[in-house]
Structure formats: C-alpha cells, structure tokens
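Take the sequence shown: its letter number 183 is residue 183 in full-length UniProt numbering, and every next letter is one higher.
Using N, Cα and C, we set each Cβ at its ideal position, and we do this for glycine too.
Everything below concerns the one structure shown next.
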Amino acid sequence: MPPLKRKRDYARIIIVLSGVLPLLLGIMFTAIDARHTLQQQQISAANTLLSQAEKMSDSAWDMITWLRQYHYQSCDNIEGKLQRAGTLNAYFRAIGKLEGQKITCSSAYGLNPGTLSDMMQRAPPVTGKAWWSLSLAGTAGVPNRPAVIFVRQLPDTKGFWAIIDGQYLMDFMSALGEARGYRFTMRFNDGAPIVVGKESPPSSSLFNTQRYQAQSSRYPISVTIETPGAELMRAWRQVMFIFLPMTAILSVLLMVLTANWLQRRISWRDEIRRAINARQFSVHYQPVYNNNTQTCGGAEALLRWTLPNGEPVRPDIFIGAAEAEGMIVPLTRHLLDLVADDVQEWEVAPGFHIGINVAAEHLQHPAFIQDMLNFAEKIKHKQLLITLELTERSLIKEGEDVAKKLDRLRSEGMVVAIDDFGTGHCSLSYLQNFALDYLKIDRGFINAIESLSGETPVLDAIITLSHKLQLEVLGEGVETALQYLYLRQRGVTFIQGYYYASPMENGALIAWLAEYGQQPLHREELHDAQLHPS
Ligand code: G
Ligand code: G
Ligand code: MN
Numbered sequence: 001m002p003p004l005k006r007k008r009d010y011a012r013i014i015i016v017l018s019g020v021l022p023l024l025l026g027i028m029f030t031a032i033d034a035r036h037t038l039q040q041q042q043i044s045a046a047n048t049l050l051s052q053a054e055k056m057s058d059s060a061w062d063m064i065t066w067l068r069q070y071h072y073q074s075c076d077n078i079e080g081k082l083q084r085a086g087t088l089n090a091y092f093r094a095i096g097k098l099e100g101q102k103i104t105c106s107s108a109y110g111l112n113p114g115t116l117s118d119m120m121q122r123a124p125p126v127t128g129k130a131w132w133s134l135s136l137a138g139t140a141g142v143p144n145r146p147a148v149i150f151v152r153q154l155p156d157t158k159g160f161w162a163i164i165d166g167q168y169l170m171d172f173m174s175a176l177g178e179a180r181g182y183r184f185t186m187r188f189n190d191g192a193p194i195v196v197g198k199e200s201p202p203s204s205s206l207f208n209t210q211r212y213q214a215q216s217s218r219y220p221i222s223v224t225i226e227t228p229g230a231e232l233m234r235a236w237r238q239v240m241f242i243f244l245p246m247t248a249i250l251s252v253l254l255m256v257l258t259a260n261w262l263q264r265r266i267s268w269r270d271e272i273r274r275a276i277n278a279r280q281f282s283v284h285y286q287p288v289y290n291n292n293t294q295t296c297g298g299a300e301a302l303l304r305w306t307l308p309n310g311e312p313v314r315p316d317i318f319i320g321a322a323e324a325e326g327m328i329v330p331l332t333r334h335l336l337d338l339v340a341d342d343v344q345e346w347e348v349a350p351g352f353h354i355g356i357n358v359a360a361e362h363l364q365h366p367a368f369i370q371d372m373l374n375f376a377e378k379i380k381h382k383q384l385l386i387t388l389e390l391t392e393r394s395l396i397k398e399g400e401d402v403a404k405k406l407d408r409l410r411s412e413g414m415v416v417a418i419d420d421f422g423t424g425h426c427s428l429s430y431l432q433n434f435a436l437d438y439l440k441i442d443r444g445f446i447n448a449i450e451s452l453s454g455e456t457p458v459l460d461a462i463i464t465l466s467h468k469l470q471l472e473v474l475g476e477g478v479e480t481a482l483q484y485l486y487l488r489q490r491g492v493t494f495i496q497g498y499y500y501a502s503p504m505e506n507g508a509l510i511a512w513l514a515e516y517g518q519q520p521l522h523r524e525e526l527h528d529a530q531l532h533p534s
C-alpha cells in the first residue's frame, strides 16, 4: 500500500477525532458545570433554611427565658399572660410550664393538658441535658402537623417549654424549593423529620438524585436537600444550550485547522521533499542490448523510492503524484544528481547510453536546458551519450518551444527517444514535430508477439515506420527468447527487458557490466527457439 493512502486513512480518523473531541469535552464540561451549579444552589438554599431555623430557635429560647419570671407563680395567675404571649409572638403553637413530666400550665391546652409525652405524642428523649429541642411529627392539639419543641428543665424539676409550629418552616421550605424541585428534610436532634417536597423517582446513575446535607453550627439542626436527576438534566441542558454553539464552532475550527495541517503534512509534495532530504530515493539501471555490436549499449535510469522500513513505493504511483503536484522537476533534478554520482564509478566505452526519463512538465520548464547541461557537465569525462526519453503520458503543449529546446540539446550531443511509443495521445504528432533519434516500442506491443513466423500487424507497422523515418528502434519489456528473436528478425536494434537484464542498483550494474557487458546474448533456450521455431 502506498504510504500516503495509509496516512490519508489515519488523517481522516484524526480529523474526525479533532471534531469530536471538543464536543465530548464540551459535553463533559457542561455536565460537571451543571452538577456544580446545582450543588451551589443547594448549599445556598440549605444555609438560608438553617439560618431561618436558627432565628426561630432564638425566639423560642428567648420565650423560655421570658417564662422564667413565672417560675413561682401558679398557672391560674399566669394562664392569661401565657395565652397572650403565645398568640402575639410569631411561630408559636403553645408555651407553658412543666413539673417533672407533667405539663402544669399551657397557653393552648387549658388547665389539664396531661404529661409531656401526651403532648409530644412520644416519649421525651433521654438527653441528660437541661436544654433540649426536638422536632415532632405532631402534638396533642394538632396531631398531623409537624412541630418543634424546646424545653428548659430546672434542677427543682420545674421547667418551661415552647412549641413552634412546623408550618412556618414548611412554608419557608416550599417557597425556597418550589422552582427547583427540592425535597427538604429537617430535623432537630434525632426527632421526627419535617419533610417538604416530592420524593424523586429512581433515575439513571448518570443523572441520579443529588443530595446535600448541612448542619447548623449553633443548634442541633440538620437539613438535607435532594434534587431529582431530572433537575440536574435540566440544568445541564441549560448550560449546554449556552456552550454547545461555541463548542460546535470550536469543533469545526479545529477540524479545519487539523485538516489543513495534515493536508500540508501528508501531501505528496512534502512527502517527496522529505524523502529527497532523507535520501530515500535511489536509481536503478536497466541495461539495453545492442544487436549490432552484440554488447550492452547503455542503461536506462529508473528512480526508486524505498521507505525507512524497507518498503518500496511504486514508481508509477510516486512519479504520477510528482507530476500531478508539481514536484517532477525537483525530483528529476534529484535523479540527475544521483545518476551523476553513480556514473563516476562506471567504466564504460565512450558512447554508452544513459537513458533519462523526462516528464513533459520539465520539458516545458524554463530551466530544463540548464538542468540537462549541468548534468552533462558533471559526467562529461565519461563521454556518455545522454538519451532523453520523452514520455507521452502527459500531453506536451507549446510544441514549437519544446522542439527548439530538443534541437538545442541535440546540438550539445544528446539524443532524443520517444518512450512507451504507441500508448500516448500524440505519438504520431511527435514524430512529425520533433527531431527524434530513437523510438522505444511499448511493451504492450511486444507482449502481443505469438510466434516467430506469425504476424503482429501493429508492431510490424511501428517497426516499418521507424525504419522509414530512419529512427533507431528499441523493444521494451522483452521477456522471452521468442520476443527477442522476433524483434531481431525484423531489424530491431535495441532490446530492453527482463530477458536481457532487470533493473539493478548501481553496484550490481557495475558488477553486471564487468561480467556480461561485452557478452553477446547467448542462451540455451535461444538456441532451442531458433532450432524449433513454432
Ligand atoms: O521501472 P519502473 O517500474 O520504475 O517504471 C515505472 C514508470 O516510471 C515507467 O513509466 C518509467 O518511465 C517511470 N519512471 C521511472 N523513473 C523515472 C524518472 O526518473 N523520471 C520519470 N519521469 N519517470 C520515471
Ligand atoms: O520508462 P519506461 O516506461 O520504459 O520504464 C520501463 C519500465 O518497465 C520500468 O518500470 C521497468 O522496471 C519495467 N520493465 C523493464 N523490463 C521489463 C520487462 O521485461 N517486463 C516488464 N513487465 N516490465 C519491465
Ligand atoms: Mn523509459
């Protein structure tokens, strides 16, 4: 798989992630924020409620302190005063005196109110304290409405008490929690709970009931506030409503930035530029056989790209990408540098061909002539014949200009070949417009050869045509003895293909040239093919 394809797949994932990440963070942040906001509200409600309960307790203890002036007076004398005090002061249901467990006087229960237990509808707590308070589910007079009792007992078993009606607290709680769906539970000591608000239904663990508990620092009063999960959900939605548009914008922005950055990172342009700097390119050379001299007449330079992990990138892919993304000129310059270095080690006869593939874009580039002349200068002392192979994959425009450039380079001693002949769009017009020296027949036509004596009309026509035009002919992609013999029979001078030699790296080429460079192409199967023509 080409490296870019894989990288683009990763890139797509990264882009999606960069879009999803702010959204996820936004959702998480808003959820945390909603929870926090809700808790702040609970704290503030609990404090308000506690301070109200403390204020009521203050007045209850004040009342009890006021009652002490009647310590030694009988109920008959003070009943009227108690009644007035109990009625005129806010909050109170009843106030009175007691002796031991017996209520001796009461503002609300008349002369015979019974015992403390009767009034509280429960046994008094065992506190061991002279002062105590307790929340009650109800009292004798008002059995179904909560209340809070405050008691002060003196060492002589006499005492005073005050009962505050729970209604005040409950109204306060209702007002405080109505809008937010709170459920309050308030207790004085471990008395009966005074509860306001609906019980919240069971909910999912993510949006479970939020519970907050607080204690008064001055009195034994505790408050619990529960907020249903639905309330948390509502708060969350509210925060999201504000933040989500911002998050969405951020999301898109980040995606665009990431895409941009990745685009730059993984374009073939940069990939190729990096690979040039990292010296990942090398050149392979494929020998070309000359039937007339029966020796190796030259070699074609073929660019190779090997990734650091040893994996090769297919040449047709990166050459095509380099052409498409305007990198073919720097890439070819790099190739020329590599070839110039490699050639220094060659020991070949003068006139040995070095084939360089030239892309149309480079041909039309203003620096083309200079690039080629620089290259020629570097290898001058080897007296090689530089062959410009013009690929016609991409159409050559500005034909006249190009023709002039080719003439100029030919006058400098280079030769021009048309590559992959027969596959492009304008092969024949090339023949017309450019001064050419070689014609390389595309391997597709060579593949069509079926027998030595049979006809391969298009191939035959191309060979005849090049003879007529007095062009040297080269057969590309020759893989079998049959193909070789067929071409030789019809006067094709040059042969290139696996049958003669595969492309190889420079070291291998030098060794190969030393061993086979001067050898004629003689092989066992060659004789067989000649002896038994099919
Ligand atoms: O041998 P190979 O599979 O490398 O060739 C694949 C294609 O890439 C061929 O069409 C060949 O012409 C092209 N190619 C190989 N090297 C170069 C080069 O240096 N420049 C250009 N323009 N094309 C090349
Ligand atoms: O520049 P050009 O398109 O001619 O590049 C030649 C290409 O053909 C290179 O990719 C080279 O590896 C490949 N090639 C060389 N000899 C043979 C051969 O005998 N058979 C096949 N199939 N490909 C060959
Ligand atoms: Mn070529």
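beta-carbon residue i near ligand 4 non-hydrogen atom, thresh 8 Å
i      : result
Glu300 : In the structure on display, ligand 4 does not appear, and the ligands it does have are ligand 1, ligand 2 and ligand 3.
Top-ranked residue by Cα proximity to residue i, from the options
i      : options                        : result
Thr139 : Pro520, Asp165, Ile449, Met372 : Asp165
Glu365 : Arg333, Glu345, Phe352         : Residue identity differs from the one stated: residue 365 is His in this sequence, not Glu. Of the candidates Arg333, Glu345, Phe352, the one whose C-alpha sits nearest the C-alpha of His365 is Arg333.
Val343 : Ile317, Gln383, Gly454, Leu331 : Gln383
Gly477 : Thr295, Asn89, Ser502          : Ser502
Gly310 : Arg279, Ser222, Leu154         : Arg279
Tyr516 : Tyr289, Lys97, Ala45           : Tyr289
Ala90  : Thr30, Gln121, Ile163          : Ile163
Tyr72  : Ala11, Leu50, Ser57, Thr157    : Thr157
Gly229 : Ile249, Gln215, Glu199, Ala248 : Glu199
Phe281 : Leu257, Gly141, Phe318, Met255 : Phe318
Thr65  : Ala324, Arg410, Phe160, Gln238 : Phe160
Ala359 : Val415, His381, Val16, Leu388  : Leu388
Asn506 : Ala324, Arg410, Ala301         : Ala301
His522 : Leu25, Tyr500, Met504, Ala508  : Tyr500
Gly191 : Leu232, Gly399, Gly197, Val148 : Val148
Gly422 : Gln294, Ala123, Val458         : Val458
Ala85  : Ser59, Pro22, Lys5             : Ser59
Ala299 : Thr224, Val348, Glu271, Ala275 : Val348
Ala275 : Val256, Leu335, Tyr285         : Leu335
Phe434 : Val492, Gln519, Ile446, Ala417 : Ala417
Leu17  : Val402, Gln294, Leu250         : Leu250
Simplified DSSP state of residue i, which is helix, strand or coil
i           : result
Trp61       : helix
Asn357      : strand
Arg152      : strand
Ala248      : helix
Met1        : Note on Met1: pLDDT 48, under 50, position unreliable in the model; the coordinate value appears next. It is coil, neither helix nor strand.
Asn208      : coil
Ala108      : coil
Ser534      : Residue placement at Ser534 is flagged as unreliable, the pLDDT there being 47, under the threshold of 50; a coordinate-derived value is accordingly withheld.
Tyr430      : helix
Val142      : coil
Ala137      : coil
Tyr438      : strand
Gln213      : strand
residue 546 : There is simply no residue 546 to check, as the chain begins at 1 and stops at 534 in what is shown.
Ala301      : strand
Val473      : strand
Leu388      : strand
Phe241      : helix
Glu226      : strand
Endpoints, the alpha helix (DSSP H) within which residue i is located
i      : result
Asn447 : 443-447
Gln460 : Checking the displayed sequence, the identity of residue 460 turns out to be Asp instead of Gln. Here the alpha helix (DSSP H) through Asp460 covers 457-468.
Trp268 : 268-277
Ala376 : 368-378
Leu452 : No alpha helix (DSSP H) contains Leu452, which DSSP labels as neither H nor E.
Ala321 : 315-324
Presumed contact (8 Å Cβ cut-off) between residue i and residue j, rounded CB distance
i      : j      : result
Gln39  : Gln213 : That belief does not hold up - the Cβ atoms of Gln39 and Gln213 are roughly 12 Å apart, past 8 Å.
Arg408 : Ile369 : 6 Å
Ala340 : Ile386 : About 11 Å; that fails the 8 Å criterion.
Glu231 : Gly181 : 5 Å
Leu509 : Leu471 : Contact flag wrong, Cβ pair sits at about 26 Å.
Met170 : Val196 : 5 Å
CB contact below 9 Å: residue i versus chain D
i      : result
Leu331 : Given the protein chain composition of this structure (a single chain), no chain D is represented.
N-terminal and C-terminal residue of the beta strand (DSSP E) that residue i is part of
i           : result
Ile510      : Note, Ile510: premise wrong, no beta strand (DSSP E); alpha helix (DSSP H) at 506-516.
Ala130      : Taken as a continuous stretch (DSSP letters only), Ala130 belongs to no beta strand (DSSP E), as it is neither H nor E.
Val196      : 194-196
Asn290      : 281-290
residue 540 : No statement about residue 540 is possible, as the shown extent of the chain runs from 1 to 534 and does not include it.
Arg187      : 183-188
Lys158      : 158-165
Gly80       : Looking at the DSSP string, Gly80 is not in any beta strand (DSSP E); the run it does join, the alpha helix (DSSP H), is 75-88.
TODO: For ligand 3, enumerate in chain order all residues having a CB closer than 5 Å to any of its heavy atoms.
DONE: Asn357, Glu389, Asp419
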